[in-house]
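To convert, count from 1 in the sequence shown and add 215; that's our numbering. Where a beta carbon is used, it is the ideal one built from N, C-alpha and C, also for glycine. Small disclaimer: the values here were computed from a predicted structure and weren't measured. I have placed the structure first, in the form of structure tokens, so that the comments after it can refer back to it.
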Amino acid sequence: MESRKQRSRMKRQKFTVERRKYSRLSRLNWFLWVLLLLCVATTCFFVAYFQALQFAWLNYIIYTVSALLGVIILVLMITKRFKWGAFILNITGLLIFGVLLYRGYHVVTVYDKMQHNQTPLVTTMSVLVPKNSSIVTIQQVGNENIAAPTQQDNEKVKTLADDIQTNMHLKVGLFQTDSYLSAYKMLESESIRSIAMNSAYASVLEKVVPTYSATVKSVYDLNVPSPTQVKPNHEAPSFNVLVSAVDSYLPITSLGRSDVSLVVSANTQKNRALVTQTPSSAFVQIYGTPNLNMDKIANDFIFGVDNALKTSEMLYDTSIQYYVRIHLEKLAQIIERLGAISVHNDTEFSTSYGGYTFQVGQLTLNAKQALGYMREEVVVDGTSKREQHQLAILSEVLKRLASFDVLMHADSYIEQLQSAVQTNLPFKRLMALMNVLFDQQVNVQTLQVKMHPDVQSAVLPGVSLPMGEVDQNSLNTLRENIKNVLQP
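So, in structure tokens, the structure goes:
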């Protein structure tokens, strides 16, 4: 009898202990659920506010999974069944949404920091002497005349001369030439010992004189900032982005010629997008030249970001709010990190850079092959394929950057992009653009031009270069298509 009472008492004690344990677990579950609710709500707000992952229904998938997880855990806790299951779901949910929230916040912070710390675009004004010259300092130039195009680039040449006088206490003379090319030819013929050079013009000069950079050296450099007055509109559902690619030894922060000119038109309200390719040889009016002179559109960034935007705005009769400049060599480094990328090639050709031969069909390219693929000038039926090749590579890189693995390490990629990209595109607008581009097949249109072998250049007076006369019917069609995409 006593033994039976003892066993009964032990059972009651055990039941009491178990009830207390489950009661504590229940309270812990409610606490964790509230934390999860806050974490989920913040994550969903983050996704909605920054318009992130709004392609392939990813944002709605996140909302649905969040709601289902919260409801399932709530039901388990109310019915007081599977308390350990509720506990495991709470912990799992907190880990998943905690990581998502942290990574998302970190990406936005790093991107904003990148934009805030972005080095302003500059032009480097230099005093150059022959590579084999015994002159190694500006003091050795002394008060001699320096050849420079004082009419073509008077403001920056004068800034250079004034800086030398202020900081080096030398009053250099200026020998007027009609262009930087003329000044270089004087240096080459040894009729003068030093010349002034604007790095933006030098990027064009290299295309005319491939040996230019190997035959000169600098004895004095001055970085002249190029202020940007572009004021982006953060609210409009429709906007344009000018995408320019630079293929130069100069850093992304230096102004100069561009090899790619794309206008990306996006309408986030109607979920429409259009990419307009402008051949780099297109002969158009260039803002920044004295009288809106005609030249290759590849030279538009020589005169600064604002003037480059105005050049494309005038060409396509539209307003462009944002710009993105991409350094092709730095982009190749990102491709190297991403691994091989695949593109479809419709024309067999060989490259002078790297000596690669690309067959027709699907290609798998490493970083160096991708750079050669983008650089080579391939002309088919009078139309250059280079812009098309560069767009294909850029599109593939953008898709790879949007993959889950990259998004989980986005902060390190953004830091690497800092040396490859210059932009005024806010993070929220970037997300909106990516949503439209990834959510549908984007149409691409190309401005048609008729090539002429010898056209006078405004940037290099006296030099005739192959340039493309814009087909007016093609231009009118492109303008209308851009207008249709942007209209509400």
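Residue closest to residue i, alpha-carbon to alpha-carbon, out of the options
i      : options                           : result
Leu289 : His321, Ala451, Leu273 and Leu251 : Leu251
Pro452 : Asn486, Lys422, Leu470 and Ser469 : Asn486
Leu553 : Thr294, Thr579 and His559         : Thr579
Asp686 : Ser428, Pro641, His604 and Val664 : Val664
Gln702 : Ser241, Thr334 and Thr483         : Thr483
Thr167 : Ile535, Phe653, Gln637 and Lys643 : Here the chain comprises residues numbered 216 to 703, so residue 167 is not present and cannot be evaluated.
Thr339 : Ile350, Ile407, Asn413 and Asn305 : Asn413
Gly308 : Val419, Pro466, Leu247 and Thr381 : Leu247
Thr692 : Tyr531, Gln269 and Thr572         : Tyr531
Leu546 : Ser409, Leu640, Leu632 and His384 : Leu632
Thr661 : Pro676, Arg694 and Lys422         : Arg694
Ser281 : Thr258, Met292, Thr294 and Gly576 : Thr258
Ser463 : Gly471, Val434 and Leu457         : Gly471
Leu385 : Gln355, Ala398, Asn650 and Ser397 : Gln355
Phe498 : Ser527, Val479 and Ala481         : Ser527
Val612 : Gly570, Ile556, Leu645 and Met589 : Ile556
Met682 : Pro425, Pro440, Asn514 and Val700 : Asn514
Glu592 : Ile608, Val575, Ala582 and Tyr568 : Tyr568
Ala267 : Arg239, Val678, Thr294 and Val322 : Val322
Ser627 : Gln269, Arg408, Arg318 and Leu283 : Arg318
Thr365 : Glu359, Gly357, Asn358 and Leu375 : Leu375
Cys254 : Lys298, Ile306, Ser241 and Ile287 : Ile306
DSSP three-state assignment for residue i, whether helix, strand or coil
i      : result
Arg487 : strand
Phe302 : helix
Ser557 : strand
Met216 : Per-residue confidence for Met216 stands at a pLDDT of 49, beneath the threshold of 50, marking its modelled position as unreliable; no derived number is given.
Ser341 : strand
Asp686 : coil
Pro703 : coil
Arg644 : helix
Thr661 : strand
Ser238 : helix
Ser414 : helix
Ala451 : coil
Lys432 : strand
Ser672 : coil
Phe246 : helix
Val232 : Annotation note: pLDDT 48 at Val232 (below 50); position unreliable, coordinate value reported separately. It is helical.
Thr692 : helix
Phe297 : coil
Ser409 : coil
Ser565 : strand
Ser610 : helix
Thr426 : coil
Val325 : helix
Thr352 : coil
Gly319 : helix
Gln656 : coil
Lys698 : helix
Asn514 : helix
Asn650 : helix
Gly313 : helix
Gly677 : coil
Beta-bridge pairing of residue i - partner residues as DSSP gives them
i      : result
Gln548 : For Gln548, which the question treats as bridged, DSSP gives no partner whatsoever.
His331 : According to DSSP, His331 bridges with nothing at all.
Ile541 : Ala460 and Val636
His667 : Met682
Met509 : Gln500
Gln536 : Answer is none; Gln536 lacks a bridge partner.
Val439 : Thr338
Ser495 : Ser495 pairs with nothing; no bridge assigned.
Ser469 : Val337
Endpoints, beta strand (DSSP E) assigned at residue i
i      : result
Val520 : Where Val520 is concerned, there is no enclosing beta strand (DSSP E), although the alpha helix (DSSP H) it sits in stretches over Val520 to Tyr531.
Leu477 : Val475 to Asn482
What runs of the alpha helix (DSSP H), each 4 residues or longer, lie entirely inside the region 260–284?
none
What beta strand (DSSP E) runs, 3 residues minimum, are completely inside the region 569–604?
The region 569–604 contains these whole beta strand (DSSP E) runs: 576–580.
Pick out the complete alpha helix (DSSP H) segments inside the region 357–406, 4 residues or longer, and give them in chain order.
Secondary structure remark: continuous alpha helix (DSSP H) runs of at least 4 residues inside the region 357–406, in chain order: 369–383 and 395–403.
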